Structure formats: C-alpha cells, structure tokens
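As they're listed, the protein sequences go chains X and H.
Just so it is clear: in the first sequence, position 115 is 115 by the numbering used here, and no numbers are missing.
Just so it is clear: in the second sequence, position 192 is 447 by the numbering used here, and no numbers are missing.
Number of protein chains: 2
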Amino acid sequence: MTTPFTTPSDVRQASRSGSFVQPTAGCAPGFIQANMMIVPQAQAFDFLLFCQRNPKSCPLVEVLAPGQQEPACAPGANIATDLPGYRVYRDGVFAEERSDIAALWQDDFVTFLIGCSFSFESAVMQAGIPLRHVDQGRNVAMYRTNLPCTPAGIFQGPTVVSMRPIKSRDVAKVVEVSGRFPLAHGTPLHVGNPQALGIQDLAHPDYGDAVDILPDEVPVFWACGVTPQAVAQASGLPLCITHAPGKMFITDIQG
Amino acid sequence: MTTPFTTPSDVRQASRSGSFVQPTAGCAPGFIQANMMIVPQAQAFDFLLFCQRNPKSCPLVEVLAPGQQEPACAPGANIATDLPGYRVYRDGVFAEERSDIAALWQDDFVTFLIGCSFSFESAVMQAGIPLRHVDQGRNVAMYRTNLPCTPAGIFQGPTVVSMRPIKSRDVAKVVEVSGRFPLAHGTPLHVGNPQALGIQDLAHPDYGDAVDILPDEVPVFWACGVTPQAVAQASGLPLCITHAPGKMFITDIQG
C-alpha cells in the first residue's frame, strides 16, 4: 500500500540511488526532518557546545560518533548518501554542491542532525492557523538578526530567524502549539517588532522569499536552522558539509 | 539585612576561604545548585555527547570553555576554589578529597555543571507534597538501576535514580511540578515498580539513606545527578574531578 516517497526509507533510498534530488518539504509526512552539519572532530567539541548554548537555533536530534555514517534515528540509513543534496564549505566559503559525499568522507567526520521547522508547521496548520508561505507556495522568509548567538570556541555569529505572519487572535495559540516541538525550534524568539531584532525591511529577507503581511497580522519570529550554517561560514571553518537548502535528512522518528 | 550563607556569593566566598565545608542543602534558597564534573579536553567531546544523549540524568546548566574557571552563571566565582569540597578520581578510582583544586588545575580542564534535584524539591514541598527524607533529616535514597545510559565514546554505565515515597493521590501532581524543572531532572523516569528497574530491595539503597514507605505511598524514581560520577568511575577515566557528595556549586540563577 506504500506509494513512493511517503516513508522515510523511500526518500532515503531514492536519494541514495540519485533518483530523488528535490527539496523534502511535504515528503514522508509525520516524520521528523533534520538539518545536517558535518565538521571534523577537531571542531566537534566546540560545535556541540555551541548547540548546547543555543538550543533554540540548534535543537539536537542526534549527534553521531566520529566516523559513524548510520544514525540511530534511521537504522540502515547512510548519512553520506541518503540526502537529496549536500553543500561543501571550505574556509567558510561555499565550494560545491554534490549529490553525495561518499568520496569526501573522513574517519574523523562528526555529523550533527538539527531539528527543522516542518514538524511544528504541520501541527500549526492542523490547529487551524494558516501559514502564508505554504498557501503562497513560497519558501519561508528568513532574516539575519542583531541577536548574537552565545559563542563557543571558534563558533560565533548572528541568530537567523524565520518569520510567519499570524493573525493577532492566533498569536497565543501559535506560541502554545510551537512550544510543544522543542526539536523544531519551540516557542518564538520574538513577537511583533522586527526593528527590535535589527531587521530593517521585512520585504527583503536575507534567505527565502518575502510574503505578504495583512493588516490584522503580527510578524512572529522563530529561531531558524539556517543559523548553524551562517555561523559556520562566519567562523571560517576549514571544512564543513551541510545539507543543500531544503534538502533535509528524513529520520524514522515520528513527531 | 543579609545573614551569612543566604546568598550564593556568601557560600562561594566562605568555601573559598575554607570557612564553609558542609553540604549545601538549604543554602542560598531559591538559587540553582549544580553537580560538578571536570574532565580533560581529550574526553570533553565524549562527555558532552553523553550529557546530550542522557538529558534526564545529566541536565546541563553550563559547560565552561577549556581552562575557564569563571562560570557565566556566577560572575566572579572560581570553579577551582568555590565549592565546599572536591573529589579526585584517577583511572576511575577515588583518589582523594580536597577543599580546593587550585594546585591541580590544568589548562585543558573542561568543567560541566549539571542540575541537581534541590530546585524541584522545594517546589514540590511548596505545592503541599511532603518529602520523607527531608522530614526525617536524611539524604535521599539512591539506587543503581538496570537501565543503561545511552553510551557516548568511552562513557557508559547504569542510570542512577533517586527515590521519593509519594502518596498515591499526589503522584500526578508531583509529575507535573517536577516537570517544570528540566534542569533538575524533570519528570520521573519511573513510577511504582522497583523490580522493573532491577532494584531488589528499597531498604538497601546504593547511595544515601533508606526512608520509610507507608502503605498509601508509591515509590517514585527520578534520574539522579550521581549518574555521571558513577559512569565516570565505570568508564575508568584517567582523571576526573567532581564535587564532594552534597557539596554543590551554587549558581546565581534563580529557579
């Protein structure tokens, strides 16, 4: 009864064979998807400490042992092949996009799987609160803020937030519902005032697409999984590998 | 209007000068106290990962940078002198108890501050739920269980739990109240059946003191801050330093 791409292993197997290369939004509904970040062991303590100090931006789904490619959250999966796309950064600069990283793998690679907002978005919509970027078929709007992350070792940089316009009557409810998903960034960081975050113009996001904000709506800001990538770039890491934008790792965890 | 030992800095200063050497239970009410664990940087990634994988046993209050002695949670404090007592373990074996560790300090020492149960205990009592070991003036009863911690690198071992007898009508309330304190181990691990945890005899705890259990009471088990010490010993670490039993680090964090 299984149709293609409705289970996590469908998506992972198709990614491994090269037949699935698109973003994973809407795939394997009900399963937790994760941002991925790989750093060499020399930087792994600092990055793990960074995640521990910035749990809203970097909620840890799993950290793999050095060299390990099979996550506990997806038995049988291979982190080096089972995402639809990868990005390689060298000295903090984007170097290349690849469909797998098997040829680049090093025994000292430590993989971090970091929660993403898909889980709480579906719960919010099920609670009767519409999400503009979904309705408009756009990527969510994301902004660099003037809120510094708590640094750890070489890792430092600004918090990146995603913004969703919410009707004022629904703000309390969206806080409550999103708060049930700490692995998907949890409650908002900020409600209502972009200037307080150093955001000059909501119409010009730093990542993703701008969306319309209607007169009875309030901009609500959540910590965003793009933060660790932005921080890795700002920190000039010799080498790190991430998922390609929107092309997440799909776990076997329901939630 | 301040009397001695009612503020965190009172206790820390008196510990530093050597005039305060007793357990910290009841000191500086309202402020978070922490278990302490120091490991050399070579083991720090593994231990941080262990804490991340076992958050109920090892809720992280703060992790200091390598070599750092002043915690962010207590500006002006010194982790090497401001606890009432320290224990040094070599190759997993208890070596000595000291009143400070300034002479042992290494630039690669990484300090972990791990939440303890004092915060939730005062909230539980304020909610009208009596705690037997407090009423009897004893240490809480603690037991090694057959629940293995999730291992990380060299760190592995059993989960240690604390047990408090709770009237059956109060069990739901004690779950709710303790759940508000994730840094103090949060909700119970288990309610009611010691055999399910591999505990043969509640009258003979592995640590602390036995307490009476009355006919209308249920034994309730929480993950315990002794776990990381037991695991460090079981893992045969070349060197680690902890607080002496009951002699916690007192932070400036209210909660």
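Backbone N, C-alpha and C define an ideal beta-carbon position, used for all residues, glycine too.
Computed from a predicted structure; not experimentally measured.
Check: Within 8 Å, strictly: CB atoms of X/I101 and X/V61; Outcome: no
Check: Buried/exposed call for H/V395, threshold 16 Cβ in 10 Å; Outcome: buried
Check: Alpha-carbon spacing of X/D91 relative to X/D216, whole angstroms; Outcome: 45 Å
Check: C-alpha distance - X/T2 paired with H/F300, whole-angstrom precision; Outcome: In this prediction, X/T2 scores a pLDDT of 42, lower than 50, which makes its location untrustworthy; no coordinate-derived value is stated.
Check: Identity of the residues DSSP links to H/Q288 by a beta bridge; Outcome: H/I505
Check: Own chain partners of H/G459 with C-beta closer than 8 Å, once the 5 adjacent residues on each side are dropped; Outcome: It should be noted that the sequence gives His, not Gly, for residue 459 of chain H. Once the five neighbours on either side are set aside, the close Cβ partners of H/H459 are A465.
Check: H/S270 - DSSP class collapsed to helix/strand/coil; Outcome: helix
Check: Segment contact, 8 Å Cβ cut-off, at least three pairs: the region 241-252 of chain X with the region 26-39 of chain X; Outcome: yes
Check: Same chain only: Cβ atoms within 6 Å of X/C224, ignoring 5 sequence neighbours per side; Outcome: M142, V160, V161 and S162
Check: For X/F120, the nearest candidate out of X/D201, X/E70, X/I241 and X/A184 (CA to CA); Outcome: X/A184
Check: Same chain only: Cβ atoms within 6 Å of H/P500, ignoring 5 sequence neighbours per side; Outcome: none
Check: The region 311-325 of chain H: positions lying closer than 9 Å to chain X by Cβ; Outcome: L315, E317, V318, A320 and P321
Check: Straight-line Cα distance separating H/G453 from X/S235; Outcome: 48 Å
Check: Supposed close pair H/D363, H/G331 - CB separation, criterion 8 Å; Outcome: Not quite, the Cβ-Cβ distance comes to about 23 Å (not below 8 Å), so this is no contact.
Check: Outcome for H/G447 when other beta-carbon atoms lying within 10 angstroms are tallied against a minimum of 16; Outcome: exposed
Check: Counted within 10 angstroms of its Cβ, other Cβ atoms place H/F410 as buried (16 or more) or exposed; Outcome: buried
Check: N-terminal and C-terminal residue of the beta strand (DSSP E) that H/A549 is part of; Outcome: Past the boundaries of the shown model lies residue 549 of chain H; chain H is included only from 256 to 510, so the question cannot be answered.
Check: Which of helix, strand or coil DSSP assigns to H/P493; Outcome: coil
Check: Per-residue DSSP class, three states only, for X/E70; Outcome: coil
Check: is_contact[H/A299, chain X] using C-beta, thresh 8 Å; Outcome: yes
Check: Selection of the region 145-177 of chain X by Cβ proximity to chain H, strictly under 9 Å; Outcome: T150, A152 and G153
Check: Residues near X/L131 in its chain [Cβ-Cβ closer than 7 Å; skip 5 each side]; Outcome: E121, V124, M125 and R164
Check: Proximity test, X/Q52 beta-carbon vs the ligand COA heavy atom, cut-off 7 Å; Outcome: Among the ligands in the structure shown, none appear at all, so the ligand COA cannot be discussed.
Check: Burial state of X/L189 (16 or more Cβ within 10 Å); Outcome: buried
Check: Reduced DSSP secondary structure (H/G/I, E/B, other) of H/A280; Outcome: coil
Check: Endpoints, alpha helix (DSSP H) assigned at X/R87; Outcome: Taken as a continuous stretch (DSSP letters only), X/R87 belongs to no alpha helix (DSSP H), being part of the beta strand (DSSP E) at Y86 to R90.
Check: Residues of the region 22-49 of chain X with Cβ closer than 8 Å to any Cβ of chain H, in chain order; Outcome: Q41, A44, F45, L48 and L49
Check: CA-to-CA distance, X/P151 to X/Y89, given in whole angstroms; Outcome: 20 Å
Check: Of the residues X/Q43, X/V21 and X/I166, the one placed nearest X/A127, counting alpha carbons only; Outcome: X/I166
Check: Identified DSSP bridge partners for X/G115; Outcome: X/A34
Check: Neighbour-count burial assignment, X/P238, 16 or more Cβ in a 10 Å radius; Outcome: exposed
Check: Where H/A427 falls, given that 16 or more other Cβ within 10 Å makes a residue buried; Outcome: exposed
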